[in-house]
Structures are given as C-alpha cells and as structure tokens.
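If you read the sequence shown in the working numbering, its first letter stands for residue 537, the second for the next number, and so on. Data block below; observations after.
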Amino acid sequence: MRDMSLMEKIVSLAKRRGFIFPGSEIYGGLAGIYDYGPLGVELRHNIKQHFWNAFITDRDDVYGMSASILMPERVWEASGHTELFTDPLVECKTCHERVRADQPEAIAAHEESHPEKPEWSNPSVFNLLVETRLGASEKSATKVYLRGEITQGVHVNFKNVVDSMHPKIPFGIGQIGKAFRNEITPRDFIFRLREFEQMELQYYIRPDEEEGKRQFAFWKEFAFSWYQSLGFDKTRLRLRAHAPDERAHYAKDAWDIEYETPFGWKEAWGIHHRGDWDLRRHSEYSGHDLSYFDESTGERFIPWDIECSGGVDRAVLFVLLEAYREDELGGETRTYLALSPRIAPIKAMVSPLLKNKPDLVARAREVRDALRKAHPAIAWDDNGNIGKRYRRQDEIGTPFCITIDFDTLGETPELKDTVTLRHRDTGEQERLTVAEAAERIKGAIQ
Ligand code: ATP
C-alpha cells in the first residue's frame, strides 16, 4: 500500500495550483462533484486528445461520434440499466447515512465516526441512474435519464453510422463524454464521482468465438499499452480478469486495467466483451433492425461488441499520483510533477532573466511567439526571481523553462541568439538556439 498522505498532497496541490476545485465550493459544494481549473482542464484535454488520436484518428477502422447526454427511459430499459444498474446499500441505524454494502472501507470509515459500533440495516438494492424530466408542464413532462454510461449513445446510433459511413466489419465507433451515476458513496477525491467523463471505443466484430477471443486479446493489450503511455511505471499498473460473479450483466469476458493507488489497486479502465447484448436488445426494444449485412460473405448478423472504456477523471487522478515527486535541488526541497510532456498542461515557460530590462523582455516575447508556432501551450512568466519561477513551473509539471539573458542579446558574441533551456526533472540547463529549443519541445511531446 502506498503512502496515504500522497492523496492529501495531491488534493491540496490540485486546488492550490488551479487543477481541480470542489464543485460550487462557495455554496458548500456537492458530494462527488468537482470542477476543473485552468491547468486541470488542459491536462484533461491532453489526455482525451491522446486517446482520440490513438483510438480514432490514427486508425482507418474507427469512427468518432458524440451523442447526447439525455436519453429516453426506453434506452435504459433496453440496455438493462433500469433493472440491473444497481449497488447494494446499507443504512446506519444510528444516523441514517447510507453506504455501499460491498465496500468494507466505506463501512469501516463510517463506523469510525461513531463512538460505538452502529447497527446496519439489511442490504437493499439502489439504482445508480440519475433521472430528470423534460417538458414544460407537469402532465406532459417525460422522464429521461442523464446517461449512466456513454456506451448506449453509440449503440443507438449504430445504424446511422453504418448507413452513412458504410464501414466494413470489423470496425469501431469511439466517443468521449460525460456520464452520471448516483454513486452511494462518492469518495477518494475524483476517483468515484457522480458526474464524470468517459472515453470509449465500441469495436464491432463478426459473431464468432475465435474472432471474439482474438479481438478481445488485441484490444486488451492495445488499451494497456496506451494507458502506460500516459507516463506510468509498469509496476503500478496491472491487468486483472473479472471473476464470473463480478462481471456486468452484459459481459461475456471482462478485464480491468488497475493502478496501485494509496487506497489500493483500483480500476482505471475496463475491457469488456459485450457480445450482441446491446444491439440485440436495442433491436427488440426500438423495433429497428440493428443487424449488419456483410457484403463479402453475403451474411446478415448482429455484430458482437468489444468495448474499451476508461474514466477521464480517474486518468487525471492516477497521472497526478504517479507524477508527484519531492526532492532536493540546489540545497532546497522542492515539489514537482514528473508529467509526461505529451500531457503536461504547459509545455514550456519562457521568461526574461530580469523583468525591468526592456531589451530582454522584448527579445523574450519574440522567442515566446516563435516557440508558440511549435506548440501553443507555451507560457510567459516574469514574476519574482528566476528560481521562484522555476519552482512554480516544476510544481505544475512544465517540462522545460527557457530563459532569455544578456548573452541572448549578444553580450558574449558567440552565444548571441541562444537561450538556456532548463529540464524540470534534473534542473540541468543547456544552451541552445531558439530553433533547437523548439525541436526539443516538439520531440518531447510526440
Ligand atoms: P467501479 O467498479 O469502480 O464502480 P465500473 O466497473 O462500474 O467502475 P464501468 O461501468 O466499467 O465502471 O465504467 C468504465 C470506466 O468509467 C471505469 O473504468 C472508470 O474509469 C470510469 N468510472 C466509472 N464510474 C466512475 C465514477 N463514479 N467516477 C469516476 N469514474 C468512473
């Protein structure tokens, strides 16, 4: 088990440095709801973009789409969620707080808050779907659900994508978007939220056992290696097969990618063999034929679906936990985030050595503008002394700091037009031309 104080340090850094804030904080907040600040939104965006590139843009066999959050009740009846998307719940007979019966840590945490061990009710079943009503009058308002998973938005558009794009099977449809679950015990910062974001691929294949095994093995490895590429140490990530009694109602096979957090090994991502469950049920419930006609064989069938489904917010949390470092540099302790440059919110910070020298400032601005052509996420900082600026950037995970000094202006003729480039993890500096610095940044984020 890793050090629990790490979690507290991440929560504090995330708030202090503009990554993540408690939702609607000035009104007392809402349990399981968080807002992303200026740096958090960039980090989250970069993770999503990395997913989108690897799973969708870089592939010829996958299409992207974006479905709506609100969906009619019938969708969730078809998918099985109104009946089966439940967690067991127990209620404390002393204070009437409810917690998940299958989470011993939540029960233990609650019991600690009472001087004497409280009595619990018998477990009951609690549905996680969040419902609302659409329509102006009480009478005509229709019950709708905020989607409990983004998956169903893809399945209900299966026919639209097939009819418009004419894909050859096997093919996939990927999506990123918000999902909502009335989690009984939201906890562990942004690990278990009530409003969160998912990034997913539904990959449709011929209904064939061998093909199913082959594709499942492929996507399991693909997702695992993609997750590692977010910058994880391999010893803290693992693949784990679900036991048959752990699987969701639709799953023929299911594996999780898990990360070793300070609160144990936790699910980051799921790879599920959903068989034909979703398309078959939506065919039945909607009355629309969601089969696929394979022109190469002349066969018509309902495809099977191999799903890769990951939480964006969990990726943000795990990336922050993984990147957090404390060390000593130049005789001082420092905190830094060893984020992969690919997902770091800011790629480089440019600053003039001294703020009150107009020539230095003007040249530094030119350098910043030139570097922005290599990548837009180049920041400017001329506050405080240079050491403080470096520490600020270290703490938010900026991989490079570039300083314009008097040598850049030609004080040492052979160094004219060169800058210093400082590396976050080692604090080492090198002297480079602006073009070379741009290449360094480009190379690191590829
Ligand atoms: P868990 O067992 O942790 O409740 P799950 O198995 O219900 O998760 P899935 O339905 O497979 O999760 O959802 C796919 C992914 O969505 C998960 O791997 C996780 O990263 C993310 N996710 C699910 N529920 C939440 C939540 N309440 N808060 C944040 N992310 C979530």
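Ideal placement from N, C-alpha and C gives every residue a C-beta, glycine not left out.
At a cut-off of 7 angstroms, the beta-carbon of residue 849 counts as near the ligand ATP: some heavy atom of the ligand is closer than that. With a cutoff of 8 angstroms on beta-carbon distance, residue 546 and residue 856 are scored as near each other. Taking the C-beta atoms as reference points, residue 575 is found no nearer than 8 angstroms to residue 852. Burial is judged here by how many other beta carbons sit within 10 angstroms of a residue's own beta carbon; residue 721 has at least 16 and is buried. One alpha carbon belongs to residue 705, the other to residue 585, and they sit about 25 angstroms apart. DSSP places residue 620 inside the alpha helix (DSSP H), whose first and last residues are 617-620. In the assembly as shown, residue 754 is an exposed residue. Its beta-carbon has fewer than 16 other beta-carbons within 10 Å. Rounded to whole angstroms, the separation of the alpha carbons of residue 699 and residue 654 is 58 angstroms. The three-state reading of DSSP puts residue 886 in strand, counting E and B together. Between residue 765 and residue 795, the alpha-carbon positions lie close to 14 angstroms from each other. In this structure, residue 901 lies away from residue 945, with their beta-carbon atoms at least 8 angstroms apart.
Apart from sequence neighbours up to five positions away, the residues of its chain that approach residue 793 with a beta-carbon distance below 7 angstroms are 759, 760, 763, 773, 775, 804 and 805, ordered along the chain. By the Cβ neighbour-count rule, residue 631 is exposed, with fewer than 16 other Cβ atoms within 10 Å of its own.
Taken from the Cβ of residue 845, at least one heavy atom of the ligand ATP lies inside 7 angstroms. The closest heavy atom of the ligand ATP lies 7 angstroms or more from the beta carbon of residue 616.
Looking at 731, 924 and 821, the one whose alpha-carbon comes closest to that of residue 692 is 821. Here residue 786 has 810 and 813 as same chain residues with Cβ atoms under 6 angstroms from its own Cβ, once five neighbours each way along the sequence are excluded. Taking the Cα positions, residue 977 is about 32 angstroms away from residue 714. In this structure, the C-beta of residue 857 stays at least 7 angstroms away from each heavy atom of the ligand ATP. Closest by C-alpha distance to residue 771, out of 963, 947 and 801, is 801.
Cβ atoms of residue 621 and residue 684 come within 8 angstroms of each other, at about 6 angstroms. Residue pairing by DSSP places residue 800 opposite 797 in a beta bridge. According to the DSSP secondary-structure assignment, residue 598 is paired through a beta bridge with 708. When 962, 751, 827 and 843 are compared, the shortest CA-CA separation from residue 836 is found for 827.
Short note on residue 757: C-beta not closer than 7 angstroms to any heavy atom of the ligand ATP.
The beta carbon of residue 657 sits closer than 7 angstroms to the beta carbons of 626, 627 and 629 from its chain, once the five residues preceding and following it are set aside; these are given in chain order. Per DSSP, the continuous beta strand (DSSP E) segment holding residue 846 begins and ends at 840-847. In the displayed model, residue 911 falls within coil according to three-state DSSP, outside both helix and strand.
Under the DSSP assignment, residue 687 falls outside any beta strand (DSSP E), being part of the alpha helix (DSSP H) whose first and last residues are 687-691. Minimum Cα-Cα distance from residue 549 among the listed residues 896, 861 and 866 corresponds to 861. In the same chain as residue 881, and ignoring 5 residues on each side of it, the C-beta atoms closer than 6 angstroms to its own belong to 575, 578 and 579, in chain order. Annotation for residue 963: 865 place their beta carbon closer than 6 angstroms to its own, counting only its chain and skipping 5 residues before and after.
In the structure shown, residue 629 falls within a coil segment according to DSSP collapsed to helix, strand and coil. When DSSP reads this structure, residue 811 sits in a beta bridge with 841. Counting other Cβ atoms within 10 Å of its Cβ, residue 671 stays below 16 and is therefore classed as exposed. Shortest gap from the CB of residue 803 to any heavy atom of the ligand ATP: under 7 angstroms.
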